[in-house]
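Encoded as C-alpha cells, the structure appears first; notes follow it.
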Amino acid sequence: MQTKESLLIKNVTIVPMTKDQEMIEHGYILIKDGLIQEVGSERPAALTADQVIDGTNRVAIPGLINGHTHTPMSLLRGYRDDLPLMDWLQEMWVIEGKMTADDVYWASMLSMIEMIESGTTTFSDMYFGLDEIAQAVDQAGLRALLCEAIMETAGNGEERLQATIAFVEKWKQVGHSRITPLLSPHAPYTCSPNMIEKIVQEAERLDCAIHTHLAETRQEMTIIANEYQESPITLMEKTGLFSRPVIAAHGVYLSDQDIAILQQHQAGLIYNPKSNMKLASGIAPIAHLLEQGVRVGIGTDGSASNNALDMIEEMRFASLLQKVANEDATALSAYQTLALGTSQGARALGIDQITGTIETGKQADITLIDFDQPHLSPKNNIISHIIYSVKSTDITHTIVDGQVLLNNRQLMTIDKEKVIWHINEIKERLLS
Ligand SMILES: [Zn+2]
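The sequence shown begins at 170 in the numbering used here and counts up by one.
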C-alpha cells in the first residue's frame, strides 16, 4: 500500500494554519503511515523517505475542505442555468429520478477528478446512491462525509430513512478511515418536523452527525413561517436537531436568535457563495457569524448550481462577496478565508482532530501550489496570493492520508479519459 510508505516533502514553504505559526520557510514535512510525523524548517541531512517531493518554489497548505456538495450533480452542469432555486430544483428532480446507480458512480468520479485537480482533500456530500459514491471515494482516495438527503415530499421518506440507516450501520462497521456516514433530512421544506425528529433519534442511536440545508432562500423562510410560525432554525431547534453535531448548508437568512442557536450548539454553517449568487438566493452574513463565534466552513454546493467544484475559486468568491456585502474591504481577510477553507472548515465538519492543519499527529492531507508563476510574482504576500491570485491549475500535488492522488498534475488514482467517456455516454442517454 502506498499509504504505508513514508513521504518527505522538502524545501517547501509551509502555511500550517495552526494557532502558533503563520509560515515556515524552507520547510519539510515527513509523513509516515498516512500521518504527519514531523514538520519543521531546515531538513536534517539524514532525513529520507520512500518517496521524496521537492517543494522548491511551492507552497504547502492543508488540503482544502469542501463543506457542502452533491458530487453526482456534475452530470447536470450547465443543464438548466439561470433559474431561481425552487424552479431549478423541480428540473433537477426530474432528471435525478432517471439516474441509475452506475450514472451516480461515474458522475461522482467526475467530481472527484475536479476536486483532486483543484486541491480538495475532504468533501461533505449529500445525494442518493451512497454505495456507489462510497465505492468511488474508496477508489479515488479522497476523504468524505457521506449522507443521503431524505425528502419526505418525494413520498418515500420512510423507505429512504431505512436505507440510509443501513448505509450508516454498514460503514460504521467497516470503519473505513476516509469515509464517515451521516444522516440527512434534505431541508425543512421537504421533511416534516415528525420526520426530522425521527432522523434525530436515529442519529443519536447511531452516534452520527446530521447534514442539512437551512435558511437558503426567502421563499423557504416564507414557507416555514406560514406553516409553522417559526424560522427554519428555530423550527429545527424544536425538533431536537441541534442536539446532534450539525452541518447546515447556506444560512443566508438568519435572525439574531437563529445565530445564537447556531453558536450555542456549535453547529457548522457552510457558506456557499457562488451557488447563492447564481441562484440569486442572497448573501450569508458570514463576517457577522464569525464575530458571533459561529463555526463556519465553505462549500461549492453541487456543480449544477455553481458550476464547478473548485475551492480555490470558491474561497475567492467567499472573501470578495463579504467585502461587497459589508461595504468593508477588511471583511473576511485572506487569512480568515483560507482558514474557512481548511482549519475552520474542518472544525465546522467536526473533523478538526484529524485534518485541517499541517502539524504533527494529523492525517497527511496536504495540497501543494506552484508559486513559480507570473500571476504569483512578486511574492509580496503568500496568503493573499492564495486567495486572490492562485488558479486551481497551479495545484501540483494533492495528498490524502499520505497518498499522493495528484502528482505534478498527473492523476494517480483515476483514469480521467475513461470517466469522461462514460459521462458523455450517460449525457446522450439521459439529457439529449
Ligand atoms: Zn446543496
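Backbone N, C-alpha and C fix where the C-beta goes; we use that ideal spot for every residue, glycine too.
In this structure, the alpha-carbon of Arg387 lies about 17 Å from that of Asp251.
If you check the C-beta of His554 against ligand 1, you find no heavy atom less than 7 Å away.
Across the structure, Ser424 and Ala417 are spaced so that their CA atoms are roughly 15 Å apart.
In this structure Ile452 is in contact with Ala494, their Cβ atoms being roughly 5 Å apart against a cut-off of 8 Å. Beta-bridge analysis with DSSP links Arg227 to Asp539. In the assembly as shown, Gln522 is an exposed residue. Its beta-carbon has fewer than 16 other beta-carbons within 10 Å.
Between Pro362 and Thr408, the C-beta spacing is below 8 Å. The stretch 551 to 563 and the stretch 497 to 510 touch, with no fewer than 3 CB-CB distances between them shorter than 8 Å.
Assignment of Ser353 by DSSP, reduced to helix, strand and coil, places it in the strand class.
Cβ-Cβ distances below 7 Å link Pro354 to Ile319, Cys360, Met364, Ile365, Ile368, Thr381 in the same chain, with the five nearest sequence neighbours on each side left out; the list follows chain order. Residue nearest to Asp563 within the set Gly266, Gly288, Met268 is Gly288 (criterion: CA-CA distance).
The straight-line gap separating the alpha-carbon atoms of Leu258 and Asp271 is approximately 22 Å. A distance below 6 Å between beta-carbons, with the five flanking residues on each side excluded, links Glu389 to the following residues of its chain, in chain order: Tyr358.
Exposed is the label assigned to Ala335, since fewer than 16 other Cβ atoms lie within 10 Å of its Cβ. His591 has its Cβ no nearer than 7 Å to any heavy atom of ligand 1. With a cut-off of 7 Å, the C-beta of Ala418 is classified as near ligand 1, since at least one heavy atom of the ligand falls inside that distance.
Between ligand 1 and the CB of His239, the shortest heavy atom gap is smaller than 7 Å. Cβ atoms of Thr333 and Ala313 stay farther apart than 8 Å, at about 15 Å. Contact between Ser175 and Ala218 holds: their C-beta atoms lie close to 4 Å from each other, under 8 Å. Per the coordinates, the alpha-carbon of Thr526 lies some 43 Å from the alpha-carbon of Glu396. Taking 7 Å as the cut-off, one finds no heavy atom of ligand 1 near enough to the beta carbon of Asp294. DSSP links Cys316 through a beta bridge to Met295. Inclusion of Gly203 and Thr182 in the CB contact set at 8 Å is not warranted, their separation being larger than that value.
Fewer than three beta-carbon pairs drawn from the stretch 203 to 216 and the stretch 260 to 269 are found closer than 8 Å, and the two stretches are therefore not classed as touching. Beta-bridge partners of Thr289 (DSSP): Leu233. Annotation for Arg212: no alpha helix (DSSP H) segment contains it, and DSSP assigns it neither H nor E. Between Met278 and Val588 a beta carbon distance of about 5 Å is seen, short of the 8 Å cut, so the two are scored as contacting. Residue nearest to Leu245 within the set Ile230, Met268, Val228 is Met268 (criterion: CA-CA distance).
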